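Visitor: Residue numbers (the working numbering): 8 to 464.
For glycine and all other residues, C-beta sits at the position ideal for the given N, C-alpha and C.
The structure displayed is predicted, hence computed values, not measured ones.
The following block contains the structure, expressed as structure tokens.
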Ligand SMILES: Cc1ncc(COP(=O)(O)O)c(C=O)c1O
């Protein structure tokens, strides 16, 4: 049975669903799993569900979905909404092209080239190349594969040898580094978590010391991950100094800029990433600070040709026309691949470099306003001055995790908590460029109300 809608019906139904979303966009009501199970028929049955009923089910799901564009959403490193990027993403689904060959994706291959070229230019990779990946964790995985195979090119064909390969990341780096080491046969235990300073940045001398110890023990250091914007504190590792040390030992330098690479679009803030052009590879998520819908991640590398060398396989049934350059399936760990370039390209065209620069400045200014509000209120205590858009603070004498939980359950908004050296705090992420001062004032008011109630209970 083919269930095709007329064009009119398609447009009407899409509009009805978007309206349902828009009506509930600022609603932070918490819906428990039991309530969702009870009020929505989720089970897939033998009998088809007629269209009008199905539409109501879809609306009920949309209404109960946490709203990442709400002014009460500070929970993750993404948030907000960009209309044109959303339209592009919807059209990607409607057009349904896989990004392996020019034959089936046409102009989208050239669009992907443009975005990658632009990102390389911003980083300072003069002859660079890149590939879109399904998320920053996977982009980090690609970086690690390139590093491992650069260290020992035999591994690609023959598998791991008897060497113990060692990777380094700071103790505040993203968990994907360890997970990827586990998946690649490096071993999670062969990832050194280098200690950090009081701001959460990798200790440069400590990295050097650990490498020397590993070399003395006969191990093979091959990869260092430098985080540009750590997940909790937003800290930036010192790319310039650590790259210099890594070069001495022939260690691949990967910058995990999943969160923070976007500051390169601001001339005022780009210094946070000074030296990034010395890296061998960079992860950059446009779905975080750039506000593009999930997922939109790039792995960019300095040397052209490495991606093809590492990820190309002979496939007569797929690569039948054009060159490898026009067939990016030869550079990707995926075969079928969704088009994630279109939405970021559309938004970048719309805003231009200048628009993004202004937008990043707006995000930083709002962050500074939040810091000022916290500092001026004796009930609050700033945990540390923020490096990026994460503002970490406490309400005095009340557990931060209890506050976050209560806010969520009472439908007052979503924010997460983090910890550093045993201290717990609330982490408010200020990535949504549509937020205003009144939104953060209102949210701080909610935190105070909830905290006072908890104190009294
Ligand atoms: C520093 C850092 N790297 C990598 C990732 C993983 O990115 P993704 O969620 O797109 O896999 C995150 C996610 O928050 C992150 O904060």
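#1: Measure the alpha-carbon distance for residue 461 versus residue 453 and round it to whole angstroms.
#2: For residue 300 and residue 75, I'd like the C-alpha separation in whole angstroms.
#3: Look up residue 174 in the DSSP assignment and give the residues it is bridged to.
#4: For residue 92, which of 289, 294 and 449 has the nearest alpha-carbon?
#5: Determine the direct distance from the alpha carbon of residue 145 to that of residue 257, and round the result to whole angstroms.
#6: Is any non-hydrogen atom of ligand 1 found closer than 8 angstroms to the C-beta of residue 35, if you look at the structure I gave you?
#7: Quick one: residues in its chain with C-beta nearer than 8 angstroms to the C-beta of residue 277, no 5 flanking neighbours on either side, listed in chain order?
#8: Pick helix, strand or coil for residue 277, following the three-state DSSP scheme.
#9: Going by C-alpha distance, which of 44, 418 and 171 is nearest residue 223?
#10: Can you name, in chain order, every residue of its own chain whose Cβ lies under 7 angstroms from the Cβ of residue 275, other than the five neighbours on each side?
#11: At what residue ranges does the stretch 277–347 contain a whole run of the alpha helix (DSSP H), taking only runs of 4 or more?
#12: Which residue from 192, 77 and 240 puts its Cα closest to that of residue 166?
#13: Considering only residues of the same chain and omitting the five flanking positions on each side of residue 252, which have a CB-CB separation below 6 angstroms?
#14: So, using beta-carbon positions, are residue 397 and residue 80 closer together than 9 angstroms?
#15: With a threshold of 8 angstroms, are at least 3 pairs of Cβ atoms found where one atom belongs to the stretch 279–289 and the other to the stretch 225–244?
#16: With a floor of 3 residues, list each beta strand (DSSP E) that falls wholly inside the stretch 92–143, ordered by position along the chain.
#17: Which of the three DSSP states is assigned to residue 412 in this structure?
#18: Under 9 angstroms, do residue 344 and residue 151 count as touching if we go by C-beta distance?
#19: Can you tell me where the beta strand (DSSP E) with residue 264 in it begins and where it stops?
#20: So, using beta-carbon positions, are residue 237 and residue 304 closer together than 9 angstroms?
#21: Rounded to a whole number of angstroms, what is the C-alpha to C-alpha distance between residue 102 and residue 341?
#22: For the 8 angstroms Cβ check, are there 3 or more pairs between the stretch 121–137 and the stretch 152–165?
#23: Answer yes if the stretch 432–448 comes into contact with the stretch 405–413, meaning at least three C-beta pairs across the two stretches below 8 angstroms, and no otherwise.
#24: Going by DSSP, what residue range makes up the alpha helix (DSSP H) through residue 391?
#25: Please name the residue or residues paired with residue 399 in a DSSP beta bridge.
#26: So, does the CB of residue 269 fall closer than 9 angstroms to a CB anywhere in chain B?
#27: Have a look at the DSSP bridge pairing and note the partners of residue 50.
#28: From the DSSP output, in three-state form, read off residue 524 for me.
#29: Suppose the cutoff is 6 angstroms on Cβ atoms and the five residues either side in sequence are ignored; what does the same chain contact list for residue 363 look like?
#30: DSSP three-state call for residue 426: helix, strand or coil?
#31: To which residues of the same chain is residue 289 closer than 7 angstroms at the C-beta, ignoring the five residues directly before and after it?
#32: Whose CA, out of 390, 112, 297 and 49, lies closest to the CA of residue 427?
#33: Count the other CB atoms, across all protein chains shown, that sit within 10 Å of the CB of residue 353; report buried if there are 16 or more and exposed otherwise.
#34: State the start and end residues of the unbroken alpha helix (DSSP H) segment that holds residue 57.
#35: Here's the rule I'm using: 16 or more other beta-carbon atoms within 10 Å means buried, otherwise exposed. How should residue 321 be labelled?
Guide: Let me spell this out:
#1: 12 angstroms
#2: 10 angstroms
#3: 198 and 230
#4: 294
#5: 24 angstroms
#6: no
#7: 270 and 271
#8: helix
#9: 171
#10: 368
#11: 313–318
#12: 192
#13: 215
#14: no
#15: yes
#16: 136–140
#17: helix
#18: no
#19: 259–264
#20: no
#21: 19 angstroms
#22: no
#23: yes
#24: Segment: none, residue 391 is in no alpha helix (DSSP H) and carries neither H nor E.
#25: 434
#26: This model lacks chain B altogether, as it is built from one protein chain only.
#27: None, per the DSSP bridge assignment.
#28: In the structure as shown, the chain starts at 8 and stops at 464, and residue 524 therefore has no counterpart that could be examined.
#29: 272
#30: strand
#31: 130, 262, 264, 268, 283 and 307
#32: 390
#33: buried
#34: It is not in any alpha helix (DSSP H) - residue 57 carries neither H nor E in the DSSP assignment.
#35: exposed
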